[in-house]
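In my numbering, the protein residues as written are 64 to 367.
Each remark here refers to the structure printed beneath this line.
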Amino acid sequence: MYPAKVLLAVTVVSSLLLGCGADLQGDEAPVPLDTQSAAIAGGFDVRGSRLVPYMVSVQQELYGYTSHACGGTLIGQGWVLTAAHCAYDAFTQTMPLPPSMLSVVIGDLDLVSVDPSARHAVTEVVIHPGFAPRLFDNDVALLRVATAPRAALAYDREHSAAFPYADGLTLGWGMVTLTEVPPLPAPPAYLPPHFYGGSDQLQGLVVHSLSTAECKSRFAADEPEIAALVSDRHVCIASVLPGERGVCQGDSGGPLVVYDRRQREFVVAGVTSFGAHECGSSSHPQVFTRISSFADFVHQTTGF
C-alpha cells in the first residue's frame with residue numbers, strides 16, 4: 064500500500080499533465096550531493112511541449128556564451144513572467160539587464176540543444192519598481208518578446224494569503240547535482256544546463272502550499288534572516304512527497320501552477336524566488352512571489 068501522500072501526488076500529477084499524455088519518470092530517491100551540501104530534490108521528467116506550452120527558459124548571453132539562467136511563464140502573446148532577480152546583475156548592480164543580453168526559449172523542454180525556431184529575442188525588460196535585490200521583495204519582472212506562440216497560462220489575480228492554494232506543480236531546469244564546471248569551449252557557444260549541474264530535461268515537482276505563519280516558523284529556528292523576509296506577498300511550498308525535494312538555483316522565475324476552482328482553469332500563482340541555503344531541505348519551504356499581490360503591476364504593464 065502506498066502512503067496517502069504518494070497517492071495524492073500521483074493524482075495531482077495526473078490532473079495537471081497526464082490528461083495530455085505526459086511522460087513522467089519519477090525518481091525513487093533524491094540525487095545525493097557531496098558531503099558539504101544537502102541532497103537536491105528529485106523531480107520527474109516532463110516531456111512534450113504541448114503539455115506545458117507556456118513554460119519558458121530565460122537565457123543570458125554573456126562574454127560570448129549563452130546559457131539557461133531562469134524559468135519563466137508565457138502569460139500572454141508577447142509577455143513572459145519571471146523573477147526580477149533574473150533580470151538583475153548583482154555583480155554590476157545593473158537593473159534591468161539590457162534586452163540584448165536576454166533571450167527566451169519556448170516550446171523546447173530538452174535544453175541539451177535548442178531549436179533555433181524556439182529561441183525568441185527579448186525587446187523590453189520591466190522590473191517591478193519596488194524590487195529590493197537584497198531582500199527579494201517585489202521579486203517579479205516581465206519580458207516582452209518579439210515573437211512568441213499564442214499558448215499562454217493565465218495568472219492569478221484574486222487569491223490572498225488568507226486563501227491557501229490546493230496542491231500544485233512547480234517546473235524548472237535548475238540544479239540537480241553539484242559538479243565541477245568543465246573547461247569552457249571557445250566562444251561563441253551554447254552551454255546546456257548539465258554544464259553547471261542543472262537538468263537538460265524540464266523537471267516537475269508536486270507541491271502543497273503553507274500558510275505564511277507556518278512558513279516563517281519553519282525558518283525561524285536556524286535561518287531567522289530568511290523568516291524575516293517572508294510576507295503575505297509570498298507563497299511558501301513544500302513537496303508532497305517525503306525526502307529532500309525542492310527547487311534550486313536555475314529554477315528561479317519558474318511557475319507555481321495551480322488549479323483555480325472558481326475560474327475553472329490552471330493559473331500561475333507564484334514565481335520561484337528564494338529559499339533555504341541548502342536546496343531541497345525537507346525542513347525548509349521554498350518561497351515564491353505571490354502573483355495575485357502583483358496583479359495590478361502585471362495588468363498595467365501588459366494590458367491583460
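Think of the CB as a built atom: it goes at the ideal place given N, C-alpha and C, for glycine as much as any other residue.
The model shown is predicted, which means the values in this text are computed figures rather than measured ones.
- Secondary structure at M158: coil, using DSSP grouped into helix, strand and coil.
- The straight-line gap separating the alpha-carbon atoms of A358 and P248 is approximately 42 angstroms.
- Annotation: the continuous alpha helix (DSSP H) that includes F282 extends over 275–283.
- Close CB contacts of R281 within its chain, under the 7 angstroms cut and outside five residues either way in sequence, are with S346, H347, P348 (chain order).
- With fewer than 16 other Cβ atoms inside 10 Å of its own Cβ, D178 counts as exposed.
- V310 and Y228 have their C-alpha atoms some 18 angstroms from each other.
- By the 16-neighbour rule on beta-carbons within 10 angstroms, D314 is buried.
- Counting the other Cβ atoms within 10 Å of the Cβ of V109 gives 16 or more, which makes it buried.
- Listed in chain order, the non-local C-beta contacts of P196 below 7 angstroms within the same chain comprise H148, Y151, A153, local neighbours out to five positions each way being set aside.
- Per the C-alpha coordinates, the member of D230, P251, K279 positioned closest to R324 is D230.
- Per DSSP, the beta-bridge partners of V331 are Y218, V320.
- Segment contact: the stretch 189–208 against the stretch 243–262, fewer than three CB-CB distances shorter than 8 angstroms; contact not assigned.
- Rounded to the nearest whole angstrom, the CA to CA distance from G135 to G235 is 9 angstroms.
- With a threshold of 16 other beta carbon atoms within 10 Å, D219 meets it and is buried.
- Taking a C-beta distance under 8 angstroms as the contact criterion, L174 and V168 qualify as a contact pair.
- In summary, P287 is exposed, with fewer than 16 beta-carbon neighbours lying within 10 Å of its beta-carbon over all protein chains present.
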